[in-house]
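Scroll down for the structure; my scribbles are underneath it.
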Amino acid sequence: MSSMSIMLIGGPDSGKTNYLARLWKALQSGVCRLKSVDSPDIKYVEGALNHLLSGTFAPRSELNLEEHRKDFSATVSNAAGTNSIGISVPDVTGELWKDAVASSELPAGWMEQLKQSRGALLFVRVHSKLNVSPLDWVTARDLLKMDWAAQPDEETGIPTQVALCELLRFLQLGLKCVTGGELPRVAIAVTAWDRLDAETKSAGPKSFLEAEYPLFAGKLEDVVGIEVKAFGVSVVGGDLADDEAFRAKFFEQDLDQAGYVVEDTESGATEIQDMTLPLAWLARE
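Residue numbering for the sequence shown follows my numbering, starting at 5 and increasing by one per position.
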């Protein structure tokens with residue numbers, strides 16, 4: 005059996021917890037590219053999965069990481085059962101990654117954990133309220149006119165695409181090559197894909213990144229030391245929080261029938277009902 009550690013990376017509200025919960029359900033189904041063989045401690049993931057089963061998204065992770073560490077580990081195999089892979093997913097909160105981007109420094113313990121990893125899932129969520137757009141001339145002009153003394157708590161924050169570039173830099177520095185010298189892989193997971201309009205969906209995840217985050221997309225074109233592929237991800241296929249019609253429909257089906265992953269193929273953006281696809285790509289299965 006081979007083993008690998010992967011990192012789930014992304015800022016607050018980027019979709020990591022809900023994807024991990026939905027991934028665990030998919031691994032249990034036995035009909036996806038990867039399937040679960042064994043998992044010693046999955047209380048955290050089971051708790052998040054219970055939220056999805058009850059028709060709500062899981063809440064954001066605890067802020068105090070050291071007191072509420074929720075690592076996930078499992079043994080999975082390919083669909084044929086011919087290759088077993090030990091998967092370890094260290095729990096790093098979105099707040100920690102946010103702080104790392106702001107300081108351009110990752111705590112030594114977590115950098116060492118990153119150096120033990122062979123791949124990563126890098127998350128960005130569609131239309132998240134915490135996404136920060138880069139300044140344009142109009143926005144910059146308006147900001148310069150603001151009375152900062154009257155609004156001391158106002159923060160523009162680091163643009164999301166700048167944060168993604170910095171997170172990618174951490175991965176280039178830290179991820180190790182796999183056996184045989186193959187480059188480590190990074191899957192970009194664009195979560196809440198269902199919130200996009202039909203035209204944007206049909207263009208695929210790579211085109212979405214180019215349109216929404218051109219600086220980051222340009223970085224991906226020139227990245228060295230790692231292999232990168234973008235995926236669109238919808239954990240349940242719709243919006244449980246704000247779409248009552250979808251929420252009612254959601255309870256009429258099994259969770260295994262909900263959600264999908266989108267990848268760019270030769271025939272265009274292809275929707276696949278297999279939540280293990282990004283992980284299988286990382287594991288080269």
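C-beta atoms are modelled at their ideal positions from N, C-alpha and C, and glycine is treated no differently.
Q: Tell me whether Lys-253 is buried or exposed, calling it buried when 16 or more other Cβ atoms sit within 10 Å of its Cβ.
A: exposed
Q: Under 6 Å Cβ to Cβ from Val-232, same chain only, skipping five residues before and after it: list those, please.
A: Val-190, Leu-224
Q: Would you mind working out which of Val-105, Leu-56, Ala-234, Val-239 sits nearest Ala-124, comparing C-alpha positions?
A: Ala-234
(Q) Pull the bridge partners of Ser-40 from the DSSP assignment, please. (A) Val-80
Q. If you draw a straight line from the alpha carbon of Asp-226 to that of Val-41, how long is it in whole angstroms?
A. 38 Å
Q) Does the pairing of the segment 194-201 with the segment 166-179 give three or more beta-carbon distances under 8 Å? A) no
Q) Measuring CA to CA, which of Ala-193, Thr-269, Ile-276, Trp-285 is closest to Ile-13? A) Ala-193
Q) Who are Phe-254's beta bridge partners in DSSP? A) DSSP lists no partner for Phe-254.
Q.
So Gly-208 and Ala-273 are supposed to be a Cβ contact under 8 Å. How far apart are they, rounded?
A. 3 Å
Q) Taking just the CA atoms, how far does Cys-36 sit from Met-279? A) 8 Å
Q.
Using a Cβ-Cβ cutoff of less than 8 Å, which residues in the same chain neighbour Asp-260 once the five nearest sequence positions on both sides are dropped?
A. Lys-29, Ala-30, Ser-33, Val-35
Q | C-alpha distance - Val-128 paired with Gln-176, whole-angstrom precision | A | 18 Å
Q: Drop a sphere of 10 angstroms on the beta-carbon of Val-266, count the other beta-carbons inside from all chains shown, and report buried for 16 or more, exposed for fewer.
A: buried
(Q) By alpha-carbon positions, which one of Val-239, Ser-121, Lys-39, Asn-82 ends up nearest to Val-130? (A) Val-239
Q) Looking at C-alpha atoms only, which residue of Pro-282, Arg-288, Ser-92, Cys-181 is the closest neighbour of Val-228? A) Cys-181
Q) Taking the beta strand (DSSP E) that Arg-129 falls in, what are its first and last residues? A) 123-129
Q. At what residues does the beta strand (DSSP E) containing Gly-178 begin and finish?
A. That residue, Gly-178, is in no beta strand (DSSP E); its alpha helix (DSSP H) goes 164-178.
Q: Under 8 Å Cβ to Cβ from Gln-292, same chain only, skipping five residues before and after it: list those, please.
A: Any property of residue 292 remains undetermined from this structure, which presents the chain solely from 5 to 289.
Q: Go through its chain and collect everything with a Cβ distance to Phe-220's Cβ below 7 Å, but skip five positions before and after it.
A: Gln-165, Leu-168, Cys-169, Leu-213
Q.
Along the chain, where does the alpha helix (DSSP H) containing Asp-268 start, and where does it finish?
A. That residue, Asp-268, is in no alpha helix (DSSP H); its beta strand (DSSP E) goes 264-269.
Q: Have a look at Glu-109, Ala-112, Ser-108, Leu-24 and flag the residue whose alpha-carbon is nearest the alpha-carbon of Leu-92.
A: The sequence shown places Ser at residue 92, rather than the Leu named in the question. When each option's Cα is compared against that of Ser-92, the closest is Leu-24.
Q. Beta-carbon separation of Ser-88 and Thr-79 under 9 Å?
A. yes
Q. Does the separation of the CB atoms of Gly-178 and Lys-102 fall below 9 Å?
A. no
Q.
Rounded to the nearest angstrom, what separates Gly-85 and Arg-26 at their Cα positions?
A. 21 Å
**Q.** N- and C-terminal bounds of the beta strand (DSSP E) containing Glu-275
**A.** 272-276
**Q.** Closest residue to Gln-277 among Asp-258, Glu-99, Gly-19, Arg-288 (Cα-Cα distance)
**A.** Asp-258
Q: Please confirm whether Ala-196 and Ser-137 have their CB atoms less than 9 Å apart.
A: no
Q | Exposed unless 16 or more other CB atoms sit within 10 angstroms - verdict on Gly-113 | A | exposed
Q | Helix, strand or coil at Glu-289 [DSSP, three-state] | A | coil
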